[in-house]
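Residue 649, in my numbering, is where the sequence shown stops; the numbers in between run on with no holes.
We put the beta carbon where it would ideally sit given N, CA and C, even for glycine.
Every value quoted in this text rests on a predicted model; they were computed, and no experiment measured them.
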Amino acid sequence: MTPPTRTTSFDARLVRGLIGTTVTTYDLVSDGASPESTSRTARCQNGPRSPQTVGKFLCHLDEDPKQIALMRVYQQIPITGTEDADHDTLARQAVPPGVCGELESYTLLQSGGCSAVPRFLGHAERIQGERDLLPGGYVRYLVWEKVPGEPLTEGFFWGLDDSAREDIRSKFRAVYK
């Protein structure tokens, strides 16, 4: 029996080589049936900052496959239309990473003892090598524990009735205070 195939606009060149490799002490899970698969969550951002791709991956601790976590990978990518440019052109596009709001938030919440967010397990940054997608560009990894339940996405939240949304808001207010 062949594994299920997913149709996606995801460009595999943006995170090539990550599935099945070890990142720090976590292995990415290659199970395409996982709700946190690259085809569902990878997206490309082009804005005032340098272009980057962001993917969220289900992973597990290398020594303990039962310790499941989520990993978000931010990778600087070439400007649209220059993906196949020569090495020097690509290298000139590399810029240092800006402040990562997600990392700042996890650090602040964890240092403040907040128990309403998943436990932050760590982060790492590296500079892309000469043979990577954008030589000299950044790659940032964030890892946090996977908690039971479903993520409170914008689509899920706004699909709820008014009373359910208000209940969620009141719980956030209580934790925030």
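Under the DSSP assignment, Arg-544 falls in the beta strand (DSSP E) whose first and last residues are 536 to 548. Sixteen is the threshold: when 16 or more other Cβ atoms of the shown chains lie within 10 Å of the Cβ of Ser-522, as they do, the residue is buried.
Contact check for Gln-539 against Gly-609 fails: the beta carbons are separated by 8 angstroms or more. Classified as exposed, Arg-603 has fewer than 16 neighbouring CB atoms from the shown chains inside 10 Å of its CB. In the same chain as Lys-618, and ignoring 5 residues on each side of it, the C-beta atoms closer than 6 angstroms to its own belong to Ile-540, Ala-541, Leu-542, in chain order. Selection Tyr-546, Val-589, Asp-534, Pro-537 evaluated against Gly-527 yields Tyr-546 as nearest (Cα-Cα).
In the structure shown, the three-state DSSP call for Thr-625 is coil.
By DSSP's assignment, Glu-597 forms a beta bridge with Arg-612. Contact check for Leu-533 and Gln-565: beta-carbon distance about 35 angstroms, past the 8 angstroms limit, so the pair fails to qualify.
With a cut-off of 8 angstroms on Cβ pairs, the stretch 613 to 630 is in contact with the stretch 586 to 603, counting three or more such pairs. When secondary structure is reduced to three states using DSSP, Gln-582 falls in the helix class. When Lys-649, Gly-627, Gln-524, Glu-626 are compared, the shortest CA-CA separation from Ala-588 is found for Lys-649. Within the same chain, Gln-547, Gln-548, Ala-566, Leu-606, Pro-607, Gly-608, Gly-609, Tyr-610, Val-611 come within 8 angstroms of Gln-600 by CB-CB distance, once the 5 residues on both sides are set aside. Here Lys-528 carries a strand assignment [DSSP, helix/strand/coil]. Look at Glu-555 here: in three-state DSSP terms it is coil, with no helix or strand label.
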